[in-house]
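In UniProt numbering, the protein residues as written are 1 to 78.
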């Protein structure tokens, strides 16, 4: 299973948190870009065709080893 993590950008010297947030707010994650560029139009067509939901499917995997957190796989349905 692949994990997606943000690669943090280092704060510059004497830069506040709000300045850092303002400077990095226009940087989008590739997964989010793909979601809105490729997948959103497809699901908009599905909604226009009368579908009122059911866009995701979740498979429970059971508890994670170590901290027993509940794990699931979220799948986007065509």
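For glycine and all other residues, C-beta sits at the position ideal for the given N, C-alpha and C.
Host beta strand (DSSP E) of residue i (start-end)
i          : result
residue 57 : 56-63
Residues bridged to residue i (per DSSP)
i          : result
residue 74 : 58
First through last residue of the alpha helix (DSSP H) which encompasses residue i
i          : result
residue 18 : 17-24
Which listed residue (the options) has its alpha carbon closest to that of residue i
i          : options           : result
residue 78 : 31, 12, 27 and 38 : 38
residue 64 : 56, 18 and 73     : 73
Helix, strand or coil at residue i [DSSP, three-state]
i          : result
residue 34 : helix
residue 27 : coil
residue 14 : coil
residue 49 : coil
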